[in-house]
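A.B. asks:
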Amino acid sequence: MELFQAKDDYILQRGDRALWCSRKDGTVTVRPATDLLLAWNPVCLGLVEGVIGKIQLHTDLPLGLVLIRQKALVGNLPGGHKVYKITKIAVIPLSDEEPQELELELCKKHHFGIDKPEKLVQSPDESKFLMKTFSQIKSNVAVPIKKKVKENKEKERLERRLLDELYKVFMDSDSFYYSMTYDLTNSVQRQGDSEKSSLPLWKRVDDRFFWNKHMIQDVPEVDLWVIPIIQGFVQVEELVVNYNETPDEERSSPETPPQEVTCVDDIHPRFTVALISRRSRHRAGMRYKRRGVDTDGHVANYVETEQLIHVHSHTLSFVQTRGSVPVFWSQAGYRYNPRPRLEKGEKETMSYFSAHFEEQLKLYKTQVILNLVDQSGREKIIGDTYLKQVLLYNNPNLTYSCSIPHCMKFENVQVLTDAISDIITEMKWAWVDQAGVICKQEGIFRVNCMDCLDRTNVVQAAIARAVMEQQLKKLGVMPPEQPLPPKCYRIYQIMWANNGDTISRQYAGTAALKGDFTRTGERKLAGVMKDGVNSANRYYLNRFRDAYRQSVIDLMMGLPVTEDLYSIFSKEKEHEEKEKESLRGAQEQVGLLLQTYMQLLLPDDETFHGGWALINCDMSLVDANNKDVDVLLLLSDKAYYIAYYDEEADKVDQYQRLNLEGLEKIEIGPEPTLFGKPKFCCMRLHYRSEEMSGYFHTLRAATRNPDDDGKGRKASLKAATKTPQAPPLWPRKPF
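If you count the sequence shown from 1, position 294 lands on 294 in the UniProt record's numbering, and the numbers rise without skipping.
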């Protein structure tokens with residue numbers, strides 16, 4: 001549709017109708033397209049894909065009109081229904097102020113031969129005149145203007161921060177989807193049961209998953225312009241059942257997205273698989289801001305995931321849900337992995353717990369709870385409370401099952417699915433064809449862990465795989481005694497891993513942990529290390545950015561913002577300044593240190609290539625107190641130098657010079673340790689000395705710890721007190 005900017009309105013035109021949005025008060029009216037001739041100097045800004053709705057980021061700020069600027073086709077669902085993902089949005093203030101550069105797609109009708117949309121700008125002469133006039137006014141009322149600017153400065157910065165977060169909610173999370181013809185909010189089974197099939201799409205939706213419901217409440221004749229949007233995940237793939245093919249090695253990378261599979265041989269059966277996750281708009285938000293249940297019986301991070309299989313005219317659907325433990329609990333999120341605590345007692349919680357499951361049983365008839373919360377340690381209090389509430393509720397349609405400890409070793413998830421295989425068979429699935437409903441799903445699995453992200457996604461993927469194999473065998477697509485072909489299974493794993501990453505970004509701000517297991521079926525060092533980075537990122541995001549994102553989500557839902565955003569904004573800026581100052585100080589000190597010893601150690605005929613402050617994690621050099629051994633690694637064109645730093649003397653007192661010709665190999669692997677699991681990734685340099693091989697240096701990057709001086713290292717670079725010696729021989733194999 002075309003977007004026009006006039007003096008008093010923004011006008012969205014589609015066909016013979018137009019949507020007029022007032023720039024004065026934000027009111028929206030529908031008028032004939034010919035009324036564009038009555039507008040004051042309308043200028044076409046470009047094309048947009050649709051209307052999301054209106055939002056007001058602050059009571060003192062104007063309404064903003066949120067538009068879909070760019071979309072991407074996700075795939076076609078059964079029946080040829082196209083599903084799109086929102087990739088870019090535009091926010092236009094419904095006020096007299098000029099919009100920022102919107103970067104809309106050009107309208108060929110109004111921008112023929114123009115590289116960019118026409119903008120409302122003053123001529124150079126007008127600009128000079130206005131600047132001169134403004135200067136004169138400013139000189140006369142300098143004090144009042146300065147005072148007003150000072151008063152509004154924080155508000156303007158906060159407005160920019162919230163607007164930036166709104167863009168990130170839609171564009172960074174990669175998780176908003178819509179279809180012009182298919183109801184993404186309802187499962188196949190609910191669509192079959194619905195008596196609203198003749199109504200417009202937006203009137204048929206499941207209210208739980210209608211994410212822009214509040215934002216469009218003032219827009220008339222919604223079905224012409226506004227479309228129901230879900231937050232969640234959608235992926236559609238066509239698979240070919242061919243047991244003669246070997247797995248495609250190009251798909252082995254977790255970062256490689258699955259592509260459409262084609263088959264030149266039509267004798268192999270093919271089917272379409274779609275994964276649709278719908279995140280509830282009730283109690284929506286970020287993980288430390290939204291936990292447990294609320295007084296309406298809604299739980300945090302509630303997601304319904306539907307797996308669709310389509311073969312010929314048959315569509316089969318299996319639904320699972322996830323959601324936070326439905327009791328009143330929280331975690332004060334300003335510590336890393338904070339301890340959970342209960343907010344209300346057992347009796348106080350009962351009615352709200354019951355309200356949650358009464359709605360769930362009304363929707364899904366029966367529920368099988370798979371509680372993956374750790375039954376020991378800090379999670380135990382939440383698991384025990386959950387079980388007590390289930391026993392007090394005492395409903396025969398609610399089955400509770402907690403995780404067996406060894407099932408939480410991810411390589412043994414199959415043990416859990418085998419244990420519930422009879423329940424999976426009894427639960428059935430929805431099955432429809434052209435004639436109507438053949439079978440219905442009788443109950444669902446409600447899976448949860450603490451965050452309902454990582455462990456939950458792994459287990460749901462395993463259950464869905466077991467169901468899909470049963471479905472394909474029932475339809476004759478797969479032989480009775482065969483598992484999924486490797487290539488099909490590989491694509492299936494990637495789909496569920498993508499689903500886990502997307503839901504995790506919505507709730508925790510990062511990709512899912514344990515994602516490498518979902519993608520590949522095994523845990524690898526790279527996956528463990530990536531999980532460590534994501535865990536740290538989750539902590540940082542929770543500390544600062546989540547407050548803004550939670551506020552934006554609340555505004556989208558029409559809820560009051562309870563956070564003291566001005567206070568958080570000030571703390572964030574203070575923290576950023578301290579971090580920058582610390583980083584600059586560390587860089588200056590380490591740079592000076594490296595430059596000093598480069599001049600001392602390197603001969604004139606060697607060219608310096610780089611230097612690094614590292615930790616020597618060779619077991620033979622770590623002292624009895626388990627202190628870090630700090631070293632400087634210097635690299636020239638002929639050799640590398642390992643310089644050991646003395647903490648008390650605050651200088652390098654020992655060093656080794658190794659010719660590059662003697663460097664035999666470089667390995668990357670986990671830190672060597674006698675007890676516990678490795679925490680760091682290390683680099684091992686194998687070298688030859690005086691024609692004898694087997695020596696090496698094992699180094700890792702310096703990291704922060706509670707004793708840091710704020711500069712990313714100890715107050716001085718520590719070193720072992722004993723004189724470094726050549727390390728002993730180690731087995732010559734990758735580690």
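Backbone N, C-alpha and C define an ideal beta-carbon position, used for all residues, glycine too.
#1: I'd like the span of the alpha helix (DSSP H) that includes residue 419, first residue to last.
#2: CA-CA distance, residue 232 and residue 242?
#3: Which residues bound the beta strand (DSSP E) around residue 464?
#4: Specify the secondary structure class of residue 686 as computed by DSSP and reduced to three states.
#5: Buried or exposed: which applies to residue 668, given that a residue is buried once 16 or more other Cβ atoms fall within 10 Å of its Cβ?
#6: Excluding sequence positions up to five away, which residues of its chain have a Cβ less than 6 Å from the Cβ of residue 505?
#7: Straight-line CA distance for residue 713 to residue 208?
#8: Just mark residue 556 as buried or exposed, buried being the case when its beta carbon has 16 or more other beta carbons within 10 Å.
#9: Taking the DSSP output, what are the residues bridged to residue 177?
#10: Among all the DSSP beta bridges, which residues are the ones paired with residue 402?
#11: Determine contact between the region 339-351 and the region 101-109, defined as no fewer than three beta-carbon pairs at a distance below 8 Å.
#12: Give a yes or no on contact between the region 324-334 and the region 376-392, applying the rule of three or more CB pairs nearer than 8 Å.
#13: Got a sec? Which residues, its chain only, sit under 6 Å from residue 530 by beta carbon, not counting five neighbours each side?
#14: For the candidate residues 77, 481, 281, 267, whose alpha-carbon lies nearest to that of residue 298?
#15: Can you tell me whether residue 355 is helix, strand or coil according to DSSP?
#16: Opposite residue 278 in the DSSP bridges: which residues?
#17: Is residue 7 near residue 23, with beta carbons less than 9 Å apart?
#18: Assess, as a yes-or-no matter, whether the region 178-185 is touched by the region 210-229 under the definition of 3 or more beta carbon pairs within less than 8 Å.
#19: Assuming residue 65 contacts residue 21 under a Cβ cut-off of 8 Å, what Cβ separation, rounded to an integer in Å, is found between them?
#20: Counting along the chain, where does the alpha helix (DSSP H) carrying residue 386 start and finish?
#21: For residue 599, which of helix, strand or coil comes out of DSSP?
#22: Measure the C-alpha to C-alpha separation of residue 451 and residue 500 and round it to an integer number of angstroms.
#23: Taking Cβ positions, are residue 448 and residue 372 nearer each other than 9 Å?
#24: Residues in its own chain within less than 7 Å of residue 239 by CB, not counting five upstream and five downstream?
#25: So, for residue 614: in the same chain, excluding its five sequence neighbours on each side, which residues have a beta-carbon less than 8 Å away from its beta-carbon?
#26: Look up residue 10 in the DSSP assignment and give the residues it is bridged to.
#27: Looking at the structure shown, is residue 488 part of a helix, part of a strand, or coil, going by DSSP?
#28: Could you have a look at residue 139 and say whether DSSP puts it in helix, strand or coil?
#29: Starting from residue 613 and walking both ways along the beta strand (DSSP E), at which residues does that stretch end?
#30: When the Cα atoms are used, what is the spatial distance from residue 469 to residue 167?
#31: Considering only DSSP beta bridges, list what residue 90 is partnered with.
#32: With a 10 Å radius around its C-beta and 16 neighbouring C-beta atoms as the bar for buried, classify residue 471 as buried or exposed.
#33: Can you give the Cα-Cα distance for residue 463 and residue 687, rounded to whole angstroms?
#34: For residue 700, which beta-bridge partners are listed by DSSP?
#35: Can you tell me where the beta strand (DSSP E) holding residue 430 begins and where it ends?
#36: Kindly indicate the opening and closing residues of the alpha helix (DSSP H) around residue 325.
C.D. replies: In brief:
#1: 413-419
#2: 31 Å
#3: It is not in any beta strand (DSSP E) - residue 464 instead sits in the alpha helix (DSSP H) that spans 454-474.
#4: Shown here, residue 686 sits in a strand according to DSSP, grouped into three states.
#5: exposed
#6: Within the same chain, 173 come within 6 Å of residue 505 by CB-CB distance, once the 5 residues on both sides are set aside.
#7: Reliability of the predicted coordinates at residue 713 is poor, the pLDDT of 36 falling under 50, and the value obtained from them is presented with this limitation in mind. Straight through space, the alpha carbons of residue 208 and residue 713 are spaced by roughly 49 Å.
#8: buried
#9: 85, 230
#10: Note: residue 402 sits in a beta bridge opposite 371.
#11: Touching, no.
#12: A contact is defined here as three or more CB-CB pairs under 8 Å, and the region 324-334 meets this definition with respect to the region 376-392.
#13: For residue 530, the pLDDT reaches just 43, beneath the cut-off of 50, and the residue's location in the model is therefore unreliable, although a value from the coordinates is still provided. Counting only Cβ-Cβ distances below 6 Å, and skipping sequence neighbours, we find nothing.
#14: 281
#15: helix
#16: 232, 304
#17: yes
#18: yes
#19: 6 Å
#20: 380-393
#21: helix
#22: 12 Å
#23: yes
#24: Here the set comprises 261, 270, 271, 273, 488, 491.
#25: 630, 631, 632, 633, 699, 700, 701, 702
#26: 5, 21
#27: helix
#28: Note that residue 139 has pLDDT 43, beneath the 50 cutoff, so the model's placement of it is unreliable and the number below is only indicative. DSSP, read as helix, strand or coil, puts residue 139 in helix.
#29: Boundaries of the beta strand (DSSP E) around residue 613: 608-616.
#30: 40 Å
#31: 67
#32: Counting other Cβ atoms within 10 Å of its Cβ, residue 471 reaches 16 or more and is therefore classed as buried.
#33: 50 Å
#34: The partner list for residue 700 (beta bridge, DSSP) reads 615.
#35: 430-433
#36: From DSSP, residue 325 is part of no alpha helix (DSSP H); its letter is neither H nor E.
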